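For the sequence shown, position 56 matches number 56 in the UniProt record's numbering, and the numbering has no gaps at all.
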Amino acid sequence: MTKLTYKECTILRSIGIPEDRIHKTAVVCGNTGRFKVFAKYGTKYKEYKNFSCYGMAELEVHGEMILLVCHGVSATSMGPIIRELIEMGVKTLLRAGTCGTYKPKLYNSGDIFICYSSIRDDTTSTSEINVRYPAVADYDVIDALIDASNDLNIKTYVGIDYTSDLFYRRTCKYDHRDLYSDYGLVDTEDLELASLFVLSSLYGAKAGGILTIDGCPREWWDGNYHAGKDIVNDGVEKMVKVALKAAAEMNKKF
1 MTKLTYKECT
11 ILRSIGIPED
21 RIHKTAVVCG
31 NTGRFKVFAK
41 YGTKYKEYKN
51 FSCYGMAELE
61 VHGEMILLVC
71 HGVSATSMGP
81 IIRELIEMGV
91 KTLLRAGTCG
101 TYKPKLYNSG
111 DIFICYSSIR
121 DDTTSTSEIN
131 VRYPAVADYD
141 VIDALIDASN
151 DLNIKTYVGI
161 DYTSDLFYRR
171 TCKYDHRDLY
181 SDYGLVDTED
191 LELASLFVLS
201 SLYGAKAGGI
211 LTIDGCPREW
221 WDGNYHAGKD
231 IVNDGVEKMV
241 KVALKAAAEM
251 NKKF
């Protein structure tokens with residue numbers, strides 16, 4: 001496999017981050033607006049330029065320098081920057097984002113999930129390798145997230161995610177994702193996690209995910225979508241604390 005050089009990393013160079021500021025642990029999300037939440041729980045915060053849907057910043061947490069990365073929305077936008085980060089030496093990638101729940105009778109908006117695997121219903125990961133290859137998190141990252149949530153006394157759940165390219169539900173025919181909800185087989189749905197797990201596994205990095213529920217995709221039309229509301233924002237604040245503590249611990253160990 002041909003390894004990229006920094007000069008070939010179009011996204012990272014366009015963002016303007018120097019090669020020597022690409023730290024070995026990155027917390028990734030889909031929204032640069034979330035950077036201000038992360039900034040509250042660290043020091044030495046510095047933000048770099050935005051490029052297309054991408055953005056980056058850095059901060060120090062518990063004495064460890066951590067990258068913050070915005071990968072945009074969907075695995076398609078996420079894939080290129082994750083590949084560049086791994087090629088430039090990032091060893092741990094931890095997604096901290098929002099998700100829907102497939103179990104609205106059990107879980108509510110604002111609840112936090114640590115996801116150890118994801119169903120691969122995206123096209124980015126399947127372009128890399130056959131769908132038979134599993135999308136699973138690295139156990140060191142999952143352990144770090146669980147330990148961080150326990151240390152901070154922040155309640156989290158552990159479960160399985162479903163990654164799809166579709167944000168909205170289908171309206172013209174049966175949505176195959178509903179099967180997983182009908183039978184209680186999956187806990188959350190997002191647009192990126194399976195690809196993150198697969199790319200990290202294939203190219204030599206550790207990955208994990210922690211997600212805050214913002215509603216139930218099957219019930220959006222009935223009002224069960226709360227993105228931007230206090231109940232979700234409170235969950236995001238707690239999620240960020242857990243993610244940063246786990247990231248700092250991973251940075252110390254690996």
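Note that CB positions come from ideal geometry on N, CA and C, so glycine has one too.
All figures in this text were calculated on a predicted structure; none of them were measured in a lab.
Note that the C-beta distance between residue 120 and residue 194 is below 7 angstroms. Burial is judged here by how many other beta carbons sit within 10 angstroms of a residue's own beta carbon; residue 206 has at least 16 and is buried. In the DSSP assignment, residue 225 is bridged to 215. Closest by C-alpha distance to residue 60, out of 52, 173, 25 and 9, is 25. Annotated three-state conformation of residue 113 is strand, per DSSP. Exclusion of the five residues before and after residue 23 leaves 58, 65, 66 and 67 as the residues of its chain whose Cβ lies within less than 7 angstroms of its Cβ. Residue 212 sits close to residue 98, with the two beta carbons spaced by under 7 angstroms. Put simply, the backbone Cα of residue 187 is about 23 angstroms away from that of residue 71. In this structure, the alpha-carbon of residue 227 lies about 20 angstroms from that of residue 39. In this structure, DSSP gives residue 63 a state outside helix and strand, which the three-state scheme calls coil.
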